[in-house]
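Some notes on the structure that comes next.
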Amino acid sequence: MTIDHDELLAFLARKLRRASLDMDAEMGRTPGWDSMAQVNLILSIEERYGVQIPPDMFGQLASVRAIQAYLDEAAA
Amino acid sequence: MNRTPRPALLHQAVELWAARTPDAPAVDEDGAVWTYAELCGRMRRLAWLLRGQGAERNARVAVLMDNCAQAYAALLGALAADACFVPLNPAFPALRLADVLNQAEPAAVITLERHLPLLADILGQASVEVSPLVVVLDAEALPDTPGLREAVPGGRLFCAADLARLSGAPVPPRNREEDLAYILFTSGTTGKPKGVMLSHRAVMSVLRWGVDLWTIAQGDRLANHSRLTFDVCMFDIFAGFLAGATVCPILRPADLTFPGDFIRKHRITVWCSVPGVIGMMVKSRQLAAGPFEHLRVALFIGEALPAEWALDWQRLQPHVPIWNTYGPTEAAIFCTAFLVGVDGPAEPGKPVPIGLPSTDCELFVLRQDTDEPAAPGEVGRLMITGTQLACGYWRAPEITARAFRSNPFKHDLGTLMYDTGDLAMADEHGVLTWIGRSDSQVKVRGYRVELGEVESLLRAAPEVHDAVVLAPAAGGELWAAVAPEAGVEESDTLADSLRAFLGHKLPGYMIPSRFAFLRAFPRNDNGKVDRRALLARLSAEH
Chain E
30 MTIDHDELLA
40 FLARKLRRAS
50 LDMDAEMGRT
60 PGWDSMAQVN
70 LILSIEERYG
80 VQIPPDMFGQ
90 LASVRAIQAY
100 LDEAAA
Chain H
139 MNRTPRPALL
149 HQAVELWAAR
159 TPDAPAVDED
169 GAVWTYAELC
179 GRMRRLAWLL
189 RGQGAERNAR
199 VAVLMDNCAQ
209 AYAALLGALA
219 ADACFVPLNP
229 AFPALRLADV
239 LNQAEPAAVI
249 TLERHLPLLA
259 DILGQASVEV
269 SPLVVVLDAE
279 ALPDTPGLRE
289 AVPGGRLFCA
299 ADLARLSGAP
309 VPPRNREEDL
319 AYILFTSGTT
329 GKPKGVMLSH
339 RAVMSVLRWG
349 VDLWTIAQGD
359 RLANHSRLTF
369 DVCMFDIFAG
379 FLAGATVCPI
389 LRPADLTFPG
399 DFIRKHRITV
409 WCSVPGVIGM
419 MVKSRQLAAG
429 PFEHLRVALF
439 IGEALPAEWA
449 LDWQRLQPHV
459 PIWNTYGPTE
469 AAIFCTAFLV
479 GVDGPAEPGK
489 PVPIGLPSTD
499 CELFVLRQDT
509 DEPAAPGEVG
519 RLMITGTQLA
529 CGYWRAPEIT
539 ARAFRSNPFK
549 HDLGTLMYDT
559 GDLAMADEHG
569 VLTWIGRSDS
579 QVKVRGYRVE
589 LGEVESLLRA
599 APEVHDAVVL
609 APAAGGELWA
619 AVAPEAGVEE
629 SDTLADSLRA
639 FLGHKLPGYM
649 IPSRFAFLRA
659 FPRNDNGKVD
669 RRALLARLSA
679 EH
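Shown next, in the form of C-alpha cells:
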C-alpha cells in the first residue's frame, strides 16, 4: 500500500475541522489541533489506514510531516 | 531520614534543605540535576539583585517562562526578595499578557532569552505605567532584542553575568507569612483576567496537609505537569521542596499530552494533574502498557473525575492509590481529598466524591435559596472557610466582597467564607460530592473559563452578529454557535478566520474547537438563548 499524501492532508483537515492543512501544520500551532484533538486524530488514523500505533508513538505524531513519515514507513 | 521542616515562608524550605542535604537532587530536568545547594545559590543571587533594585514586601515579580529549573529559581528568588510572583505563560497571546502586566504593574520581569521577542511585544502593548526591570536568567551578555531596549530603559536590563557577580549569602527575610506569595490571573467575567492573591500562610497550610497526608519525603520524585499559571503547579513545586524531594518538570509537549512514558522513564513517585490525562493514557494504551513501578500516589484535581476513568485506573494500575481532590484557586490548590476504593467506591454513572476537608479548611453546603445549611444529600452552594483562603482579588474590592463574605457560622477557622459558585452535596458523614456550577464558568483541561469572556470577544469580530459558547462535556472542549452578519458566507474558512481572531487575545484552551453557524438561536419564553436546546441541536449534528 502506498500513502496518497494529498488524500492524507484532506483526511487530517477534515478530522481537525480545518478548511485546509499544509505540510508544516503541527499540534499546538494549528487552531483546533490541541492535545484533546491529538488522541482522537491518531485513533482515526489507525482506523482509516489499518495500522496499530504503539503507545510511545502517540505523542510523537504531532505534525503532518511526522504522521506522513510514520505511515510511509508502515506502508513500506 | 530528615523530618519535614516547618518554615513559615515558602522559599525557606530550600534554605533548610540546602543546609541539611546540600547535594540532594532538588530538580531533575530531563537528566540535568540541580542540587539543593545549587538551587539555593541561584535563589539567593536573584533575590540580592531584586533587593538591590528596590524590591519590597508584596512587590510583584512577573515570571515569563515555561516549567523548568530556571523558572523554579525565578519563583524562589522573587519570594526570597520579599516579593510575590506573577506567572505568565509564554504560550498565551501578547495582548492578554499585556493585560495582566497592566493590572499587576510588576517591579520586574524574569525570563529566558528565547522569550525576549515575546516580552518586547508584550511591553510594546502594555500601558506606559508598566516599566519593569528585566532579568534574563540564561543570557551571558545583555541581549540586543529589537524593541526591548526601547521598552526597558538603560540600567534596567540584567543577565546571567550580573547575577554571577552577586553574593550567594543568605538573604534575611523581611516579609511575614501573611504577605503575598503569588497572584494567579484567571479568566474573569468582565473580559479581563482577574488576579487571585495567595499568602505564604495559605499555601504553606495546604502544603503541610498534603505532605503529611501523602507522606511525601526525601527520595520522592514529583512530576511537574501543570503549567505555572495553574495553581496545581505550586503543589508539585513547593510540596516537593518542602519535603526535600526532587521536582521533575515535563518539558516536551508529547510528554504533557501522553505522560505514561515520562512517568516510567523518570521513576516518578508522586503524580498530580487534571483527570483528562487518564483519558488520554487510556485511549493511547499507555495506561495498559505495564505498571508504573515507582508511582505510589496519583492525585487528580481541576475538573470532575469521571468514575469510568477512576475504574480504568484501578483496573490497569491497581497498586497505585488514586485520589480525587477538589479546590478552587481561591482556597489554595486543594482543600478536600477522597481516596477512591477506601473512602468509598467509584460507581459508574455517578460522580466520584471529592471527599473530606483539609486540616485547616471547613467546607459546608448552604441551601440554594437561603443561607441555611443544606440537609445531607441535598444539593446546595459550596462554601469554604479557613486558613487556605486567598486574600481576595487583586485591586478588585467589589468582586472580592461578593465572593468572600462574612462567615455566619462557627468562627473556629476564620471569619470569612468563600462562595465557590460550585454546587455540591454532603452525605451524612460529611463526605462531599461536586455536582456542577451555578453560573457559566467551566473548566477546560483544568483551566477556568468564563464562557461570557469568549462570547463577548467573539461578538466583537466583524463577521459575527451574535455568538454563544457552550461546553458540551466536562473537561473537554468548547463549541461556538455563531450567527454571522448578513452576507457573510458560512464555511470552514470563516471558522479559521474566527479562530485566528480569538487567537490574538485568548490562550489556546479558550478557543472553541468547533464552530457551528446558525441564522438564529433557539430562545426560551423570556427571550434568552435556550442553551440546553442549542447544545442538544449541536450534539445531534455532531
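Protein chains in written order, with my numbering: chain E, 30 to 105; chain H, 139 to 680.
Note that CB positions come from ideal geometry on N, CA and C, so glycine has one too.
Inset, instruction - Flag this pair as yes or no: are the beta carbons of residue 304 of chain H and residue 183 of chain H separated by less than 8 Å? - result: In terms of Cβ geometry, residue 304 of chain H and residue 183 of chain H form a close pair [threshold 8 Å].
Legend entry - Limits of the alpha helix (DSSP H) - the one that residue 240 of chain H falls within: Its alpha helix (DSSP H) spans residues 232–242.
Inset, instruction - Determine which residues of the region 386–409 of chain H have a Cβ less than 8 Å from any Cβ of chain E, and write them out in chain order. - result: Of all residues in the region 386–409 of chain H, 390, 391, 392, 393, 394, 395, 396, 398, 399 have a Cβ within less than 8 Å of some Cβ in chain E.
Legend entry - Bounding residues of the beta strand (DSSP E) (the contiguous stretch that carries residue 488 of chain H): That residue, residue 488 of chain H, is in no beta strand (DSSP E); it is neither H nor E in DSSP.
Inset, instruction - Mind listing, in chain order, the continuous beta strand (DSSP E) runs of no fewer than 3 residues lying wholly within the region 241–329 of chain H? - result: DSSP runs (the beta strand (DSSP E)) wholly in the region 241–329 of chain H: 246–249, 271–274, 295–297, 318–324.
Legend entry - Where the region 414–438 of chain H meets chain E: residues whose CB sits under 9 Å from a CB there: Within the region 414–438 of chain H, the residues whose Cβ lies closer than 9 Å to any Cβ of chain E are, in chain order, 414, 417, 418, 419, 421, 422, 423, 424, 425, 426, 427.
Legend entry - Three-state secondary structure assigned by DSSP to residue 603 of chain H: Strand, per DSSP.
Legend entry - beta strand (DSSP E) segment containing residue 476 of chain H, residue limits: Element bounds for residue 476 of chain H: 474–477.
Legend entry - Reference residue 301 of chain H; option with closest CA among H:275, H:192, H:165, H:343: Nearest C-alpha to residue 301 of chain H: H:275.
Inset, instruction - Verify whether the separation of the beta carbon atoms of residue 68 of chain E and residue 342 of chain H is less than 8 Å. - result: It is not a contact, given that the beta carbons lie outside the stated cut-off.
Legend entry - Which of helix, strand or coil DSSP assigns to residue 40 of chain E: Look at residue 40 of chain E here: in three-state DSSP terms it is helix.
Inset, instruction - Determine the chain H residues that contact residue 64 of chain E at a beta-carbon separation under 9 Å, and present them in chain order. - result: Within chain H, the residues near residue 64 of chain E are 391, 394, 395, 396, 414, 418, 583.
Legend entry - residue 626 of chain H to residue 180 of chain H span [Cα, whole Å]: Rounded to whole angstroms, the gap between the alpha carbons of residue 626 of chain H and residue 180 of chain H is 56 Å.
Inset, instruction - Kindly list the residues whose CB is nearer than 7 Å to the CB of residue 466 of chain H, restricted to its own chain and excluding five residues on each side of it in sequence; keep chain order. - result: If we look at residue 466 of chain H and ignore the five residues flanking it on each side, its Cβ neighbours are 558.
Legend entry - Option nearest residue 349 of chain H by Cα separation, candidates H:562, H:496, H:412, H:285: Residue 349 of chain H has its Cα closest to that of H:496, out of H:562, H:496, H:412, H:285.
Inset, instruction - Say yes only if the C-beta of residue 440 of chain H is nearer than 7 Å to one or more non-hydrogen atoms of the ligand GTP, and no if none qualify. - result: As far as ligands go, the structure on display features none, and thus does not contain the ligand GTP.
Legend entry - Under 9 Å by beta carbon: chain E residues contacting residue 440 of chain H: Chain E residues near residue 440 of chain H: none, gap ~14 Å exceeds 9 Å.
Inset, instruction - Would you check if there are 3 or more beta carbon pairs closer than 8 Å linking the region 391–404 of chain H to the region 313–329 of chain H? - result: Contact fails: fewer than three Cβ-Cβ distances are below 8 Å.
Inset, instruction - Identify whether residue 651 of chain H lies in helix, strand or coil by the three-state DSSP scheme. - result: Three-state DSSP puts residue 651 of chain H in coil, outside helix and strand.
Legend entry - CA nearest to the CA of residue 148 of chain H, picked from H:196, H:218, H:197, H:518: Considering only alpha carbons, the answer is H:218.
Inset, instruction - Give the DSSP bridge partners of residue 430 of chain H, in chain order. - result: Bridge partners of residue 430 of chain H according to DSSP: none are assigned.
Inset, instruction - Kindly confirm or deny that the region 311–319 of chain H and the region 145–160 of chain H touch, where touching means at least three C-beta pairs closer than 8 Å. - result: Yes, the region 311–319 of chain H touches the region 145–160 of chain H.
Legend entry - Residues that residue 727 of chain H bridges to, as DSSP identifies them: Given that chain H is displayed from residue 139 to residue 680, the structure contains no residue 727 of chain H and the question cannot be resolved.
Inset, instruction - Please compile the residues from chain E whose C-beta is within a distance smaller than 7 Å of the C-beta of residue 169 of chain H. - result: Within chain E, no residue comes near residue 169 of chain H; the closest Cβ sits about 18 Å away, beyond 7 Å.
Legend entry - Under 7 Å from the C-beta of residue 88 of chain E: neighbouring residues of chain H: The contacting residues are 392, 393, 395, 396.
Inset, instruction - Please determine if the region 493–510 of chain H and the region 435–452 of chain H are in contact, where contact requires at least 3 C-beta pairs separated by less than 8 Å. - result: A contact is defined here as three or more CB-CB pairs under 8 Å, and the region 493–510 of chain H fails this definition with respect to the region 435–452 of chain H.
Inset, instruction - Indicate whether at least one CB of chain E lies closer than 8 Å to the CB of residue 204 of chain H. - result: At a cut-off of 8 Å, the C-beta of residue 204 of chain H has no neighbouring C-beta in chain E.
Inset, instruction - Counting only runs of 3+ residues fully inside the region 553–603 of chain H, write out the beta strand (DSSP E) ranges in chain order. - result: DSSP runs (the beta strand (DSSP E)) wholly in the region 553–603 of chain H: 554–564, 570–575, 579–582, 585–588.
Legend entry - Among H:679, H:661, H:516, H:212, the one whose alpha carbon lies nearest that of residue 655 of chain H: It is H:679 whose Cα lies nearest to the Cα of residue 655 of chain H.
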